[in-house]
């Protein structure tokens with residue numbers, strides 16, 4: 006999209022699952038960026054990513070499709086974005102609980 010700072014970034018792992026979402030965003034002319042978790046990288050020295058919002062849709066089941074490294078990369082990427090002030094849906098804390106059965110059980114016991 007032209008203006009990255011006003012775009013919604015959609016961080017995803019499984020392209021087939023997101024075709025309908027991307028089609029609808031395009032139909033409505035919503036500025037958005039597609040961030041494929043399978044080939045994504047970021048600069049830890051960067052102060053900000055420039056997205057208005059990042060929507061995290063990395064799947065905890067990514068390891069079943071051979072993308073286990075992406076799970077841990079995503080956890081750290083989300084933490085980095087939050088440190089730089091980027092608004093994130095399904096951010097670092099939520100994702101850390103999603104990928105850990107121990108964290109889920111601990112949360113349920115609290």
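Numbering (our numbering), first residue to last: 6 to 115.
Where is the CB? At the ideal position from N, CA and C, for every residue including glycine.
Query                                                                                                                                     : Result
Answer yes or no: the CB of residue 18 versus the heavy atoms of the ligand HEM, is any distance below 7 Å?                               : The ligand HEM is not part of the structure shown, which contains no ligands of any sort.
Helix or strand or just coil, what does DSSP make of residue 81?                                                                          : helix
Less than 8 Å between the C-beta atoms of residue 83 and residue 96, yes or no?                                                           : yes
If residue 59 sits next to residue 93, beta carbons under 8 Å apart, how far is it from one beta carbon to the other, in whole angstroms? : 5 Å
Pairs of beta-carbons, one from the segment 47–56 and one from the segment 20–34, closer than 8 Å: are there three or more?               : no
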